[in-house]
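So the protein sequences, as listed, match chains V and E.
Throughout, the working numbering is defined as the position within the first sequence, counted from one, plus 4.
Throughout, the working numbering is defined as the position within the second sequence, counted from one, plus 312.
Accompanying notes for the structure given below.
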Amino acid sequence: MKCSLLVLSSYLDGELEARRDGELEAHLVGCQRCRAGLGYLREEVERVSALGRVHVADHSVHALLAQLGLIDEDEPLPEPSPTAVALAEPPGRAPSWMGADDATSMPWALAGPPSPQLVDEPGLVEPVEAVEEELAGVPDSAAFAPPDVTHAGELGSIEVHTAAPPDDSNEPHLADMYAEAALADAPDDGLDDAEPPAPAAQQPHTAPAPDLDRPAFRWVPPLAPAPPTAASAPPDATEHEPPSSPGRPPFTWSSAPTATGPGQPAAAGEEGVPAVPFAFDSGRSEDLPAPSLTPPAQQEHGPPAADATPDQAPAASSGGAFPPGGPEHVDPSDLPEHATAPGGEPEMTASPPWAPHDAPPAGPLYPMTDDDVLGEPVPVERFGPPPQAARPSLFERLRDRLAVRRTLSRSSSAYDDQVQIVSGMGAPLRPGRARMEVERRRQETLRMEPGPVPGEAIAGFSDDPEDEVDDELGLGPLPPPFPELHTPMPMPRPPARPAAGPGQMSLPGTSVTDPFDPSAGDWRAPIHRVPMPPSRHSLGGALGELPPSTPPAPSMPPLPPRPPVSPPPAPRPDPLGEALSDFDRPPGGTTYEPRPWRPREVADDVETAPPPRRFAAEPAGPAHGERNRHSPSQLRDGRRLLAIFGAATLVMFVVGIVSGRTTSPRPASSTSSAAPAPAASAKPKASQPARQPATQGPIALSPNTQSSQAPAGTPQLTGTKLLGDGSSGFQVKDFRYGVHPNDFRIVLDLEGPASGSPKVTIGFLDQTTLLVALTGVTAAGSVGQLPSSNPVTAITLMSQSPFPGATTYQIKLAHPVTFTAGYVPGPLRLVLDLAG
Amino acid sequence: MLPPKLACTCTHNVMINVAAPVLPDASALAGLVREHLDDLVTYATHLVGDVDDAVEFVAGGIYHASRYPPARIQTDGRVALYRAVTRACRQEQRFPPRPHGPARFFRRGKPPFHADVDPGNAARINTVKRALMTVAFERRAALLLRDLAGLDYRQIGMALECSPDAAARLLAGARREFGTVYREIAI
């Protein structure tokens, strides 16, 4: 019969056919795994069946039924029918072969469950009775063989309770010998191992016990909290031993944990924890179901007083430690972490009498894997979608999508670039420092003499993958992992020996010694080196370096044919490669051994794959290519940066051209006069006197931003007129306007020194733009109110004067005019008449 | 005489009740509800994890059962009630129904049904309930229907609207999952 959780579950629920039922019972006899699984299933059934109940008040029931329209408002509640099915009937039943009922399909019948009168007796723990009775009926005691102490010691400490035989026999009993031996091996975890066995007279025992000479074992799992010592426990509860028969020591054997979580009631004594042999208990649960000394149905309504165990009775009488609904109804969070029974003992777990008595203590066999259960189709929610999990937020989705895209966009070779050696061995060398770096490393290698030279490796460490990496770099192998083996530098090389083993080959002049071989004598003996292949994959290449006359080892496979040697790469001025090739030579030798052929690299990288176009000029040598090759990601990044830089430069160039065209002054008119522009060669400087910004007066009807910008150079004015003697320190206080029949007058009131007049330059920038530049004058006032009818449309103070050191007013005209200007003293004012 | 193709080859008598179903009396359903109301609320409480919701779901299920009563209330009435309650819990059918949609902001809905219940320890969360809540709804329902309500596989199949074999698989899977989770979270 195949082990099936589905069958076990159905068997537990009594839903199996009679034939299958018998088959399973027969299977359970020999299958420990199924017995353990059945025990687990029973525990789960008990846990679920011991869930709390809800009671609805009668008036609420009445209100509910009335609201539903089943009864009227004034109608009394209907009486429940007497045929109501009680909730939580005992779901599980004990298998017949365990003694729950008469075995129908087994050839023998075990003892039945403990009788109530036995439970009533004080000081009796029911599981012990069940054990004794069942042991009495078990014909083969080998089924309850004690666990291996050595193996059990890995799981937890073993306590051995050696009980003296009741008779006065002076002969050391075999059980005592076992117990002493186990006690010597078991660690002292603080648990008392000298608990005095209870007197046989105090232990009621009615069933005859078999003569089992075993010490008392108690297995304490490491996770279980340590129970109090036996000194604090009452003697009547510390040990529950059956009355021993003459010539037989009492025994108590429980593989279950001795203490459980706070949810466990104190159903048994400390030592009497599920005193059922191999009665399993997880020992970690905080709210395991109630000790099923009584069926769950009885637990639901509280066990009768006559059936209450001695430990339950004080618990119930001491202020309601457990509610009437059973100990399971006590919330574990309301209890202390290590709740103790009223007697000060840790709460114990009592397995139900029908628990699998020989279940293993640990649960590696569970959960059972059942193909039938695992292959169960997902129930279809026909009436609504199942509750959906919380959807990720927009940010999380974007982040994940970007991560996936980035991951997928990377090639596999890009990951090789994630680890970059920036310094030390293996770091890329700068061209300028190549010679110095090589020289430094060479000196280091010389100081490591007689350490491994390039091309050689220490026997026993040749499989180190770092050797391969290091050798690829052409820098020689790394220092040996055990430096103390090489500290004595001056070591003479022993005479040559032939190869010692199939995996060790020796060349002439070398020998092989395994540094970890105990038969080699002193492990600090000189280590002889043998040229090893640079990698585990290039053994053939290494063997290819052997002289043709050297016969291979007998156990070695035939040497592969040496591949044709590729022509040397094209000479290329590479000081680093040259230096490294020089470095590859043995320090003291003059002979140069070429680097061994690397079949993997040749096959994968060099020979088969044609070099890309951008690498066409580079030599195809593997070592050379490894040193000078840039990864595609590096090249891609470089080209990307170059493209970005070029684009930025182009954009800046275009912007500069455009801005230069817009800000450059207009080309000089062909009708420009010969009047020189003031300070034409000088550019505006930042040291100009501060000027007020363009006044947004009423006359600034259309402030022309273009005109307000300073031209790049001095504008070329036409019809220029220069006035003043160049005095400075004046201010333009006010603008006044006068409309005359023939002209339009503009008067600039100047304030300043009593004598002199500032230099003013007046000219046309174009036909409708007149510039008035006053040197050494600051604008202090506004331009005033412009009359309505006049040829002037706007007067603007230019924020940046095109004339250095001058305050320039721009006068926009409606039509071309001619002007006359002059100073009028006392007070000084500039008069500008526009005619036309 | 039926043609040969339509001739029935069954060896046993197949009786089809073509009579109109007789709706049971409301008082019979009220008595049935009165009998099993505590069990139903207990079952729903552990199924949905909240007592108040469970009361509303049970009321919703009973309301549905009152609208569509089982034909054989004396034999299958209890299972029909569990079926109605399970469906109400699955679809979150409450009684009185909660207003939904934008219209709920403009009208005053009926207050939820309130019942004085004594949840006992059912409202307290412990490891068993936490482990139970991790099991899928159908499995959890099967586990509770078997181990808490005591229904057999046939009745569980009726309550969960599946076959007895599927109920057995649900139950076995639920026990396995529950046991695994319980041992994981129980310290």
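Don't be surprised by glycine CBs; every beta carbon is placed ideally from N, CA and C.
Predicted model only: the values in this text are computed from it and were never measured.
Nearest-angstrom Cβ-Cβ length linking residue i and residue j, presumed shorter than 8 Å
i, j, result
"Leu472 of chain E", "Thr398 of chain E", "6 Å"
"Leu832 of chain V", "Leu727 of chain V", "Contact flag wrong, Cβ pair sits at about 11 Å."
"Asp350 of chain E", "His63 of chain V", "Not quite, the Cβ-Cβ distance comes to about 14 Å (not below 8 Å), so this is no contact."
"Gly343 of chain E", "Pro82 of chain V", "4 Å"
"Pro382 of chain E", "Gly389 of chain E", "6 Å"
"Gly733 of chain V", "Gly780 of chain V", "7 Å"
"Met445 of chain E", "Val391 of chain E", "Their Cβ separation, rounded to whole angstroms, is 25 Å, which puts Met445 of chain E and Val391 of chain E out of contact at 8 Å."
Assigned exposure category for residue i - 16 Cβ within 10 Å defines buried
i, result
"Met656 of chain V", "exposed"
"Val659 of chain V", "exposed"
"Leu412 of chain V", "exposed"
"Tyr380 of chain E", "exposed"
"Gln804 of chain V", "exposed"
"Met327 of chain E", "exposed"
"Met876 of chain V", "A question about residue 876 of chain V goes unanswered here, because the residues of chain V that appear run from 5 up to 840."
"Ser14 of chain V", "buried"
"His31 of chain V", "buried"
"Pro719 of chain V", "buried"
"Gln447 of chain V", "exposed"
"Glu19 of chain V", "buried"
"Gly408 of chain V", "For the record, residue 408 of chain V in the displayed sequence is Val; it is not Gly. It is exposed - the Cβ of Val408 of chain V has fewer than 16 other Cβ atoms within 10 Å."
"Ile648 of chain V", "exposed"
"Ala638 of chain V", "Going by the sequence as given, residue 638 of chain V is Gln instead of Ala. With fewer than 16 Cβ atoms within 10 Å of its Cβ, Gln638 of chain V is classed as exposed."
"Leu450 of chain V", "exposed"
"Asp459 of chain E", "buried"
"Ser759 of chain V", "exposed"
"Ser761 of chain V", "buried"
"Gly542 of chain E", "Residue coverage of chain E in this structure runs from 313 to 499, which leaves residue 542 of chain E outside it and unanswerable."
"Ile661 of chain V", "exposed"
"Glu50 of chain V", "buried"
"Ala415 of chain E", "exposed"
"Glu29 of chain V", "buried"
"Gly103 of chain V", "Reliability fails at Gly103 of chain V, whose pLDDT of 43 lies under 50, so the model's placement of it is uncertain and the value that follows must be treated cautiously. By the 10 Å Cβ count, Gly103 of chain V comes out buried."
Selected residue, minimal CA-CA separation from residue i, among the options
i, options, result
"Gly809 of chain V", "V:Ala798, V:Leu778 and V:Val828", "V:Leu778"
"Gly785 of chain V", "V:Thr773, V:Ser792, V:Ser793 and V:Leu801", "V:Leu801"
"Tyr827 of chain V", "V:Gly730, V:Gly723 and V:Glu77", "V:Gly730"
"Asp464 of chain E", "E:Thr446, E:Phe449 and E:Leu483", "E:Leu483"
"Leu9 of chain V", "V:Arg23, V:Gly26 and V:Ala40", "V:Ala40"
"Asp362 of chain E", "E:Arg442, E:Gly485 and E:Ala392", "E:Arg442"
"Glu347 of chain E", "E:Gly491, E:Leu393, E:Glu496 and E:Ala427", "E:Leu393"
"Leu457 of chain E", "E:Tyr355, E:Leu344 and E:Tyr375", "E:Tyr355"
"Asp770 of chain V", "V:Leu450, V:Glu443 and V:Thr722", "V:Thr722"
"Val736 of chain V", "V:Val787, V:Thr773 and V:Lys725", "V:Val787"
"Glu47 of chain V", "V:Glu77, V:Leu16 and V:Gly840", "V:Leu16"
"Glu489 of chain E", "E:Val440, E:Ala400, E:Phe417 and E:Gly372", "E:Val440"
"Thr724 of chain V", "V:Gly756, V:Gly767 and V:Ser759", "V:Gly767"
"Ala839 of chain V", "V:Gly756, V:Ser759 and V:His744", "V:His744"
"Asn438 of chain E", "V:Phe807, V:Val52, V:Ile815 and V:Thr782", "V:Val52"
"Pro851 of chain V", "E:Pro476, E:Ile497, E:Val345 and E:Ala480", "Because residue 851 of chain V is not part of the residues shown, which for chain V are 5 to 840, the question remains open."
"Ser339 of chain E", "E:Val493, E:Ala377 and E:Leu359", "E:Ala377"
"Cys35 of chain V", "V:Tyr44, V:Leu45, V:Cys7 and V:Arg24", "V:Cys7"
"Arg495 of chain E", "V:Ala783, V:Arg403, V:Leu28 and V:Tyr44", "V:Tyr44"
"Ala370 of chain E", "E:Ala479, E:Arg419, E:Gly413 and E:Cys401", "The question names Ala, yet the displayed sequence has Val at residue 370 of chain E. Closest by alpha carbon: E:Cys401."
Is the stretch 353–373 of chain E touching the stretch 55–66 of chain V, taking contact as three or more C-beta pairs under 8 Å? yes
Evaluate the contact criterion for the stretch 731–742 of chain V versus the stretch 819–828 of chain V: three or more CB pairs, one atom per stretch, below 8 Å. no
Across the stretch 746–753 of chain V and the stretch 790–805 of chain V, are there enough close Cβ pairs to call them in contact, namely three or more that are closer than 8 Å? yes
Decide yes or no for the touch test of the stretch 70–78 of chain V against the stretch 440–456 of chain E: beta carbon pairs closer than 8 Å, at least 3 of them. no
What runs of the beta strand (DSSP E), each 3 residues or longer, lie entirely inside the stretch 767–816 of chain V? 773–779, 781–783 and 796–801
Ignoring anything shorter than 4 residues, give me the alpha helix (DSSP H) runs that lie fully in the stretch 436–491 of chain E, in order along the chain. 439–445, 449–459 and 465–472
Report the start-end ranges of each alpha helix (DSSP H) in the stretch 360–436 of chain E that is 4 residues or longer and not cut off at the edges. 363–379 and 385–403
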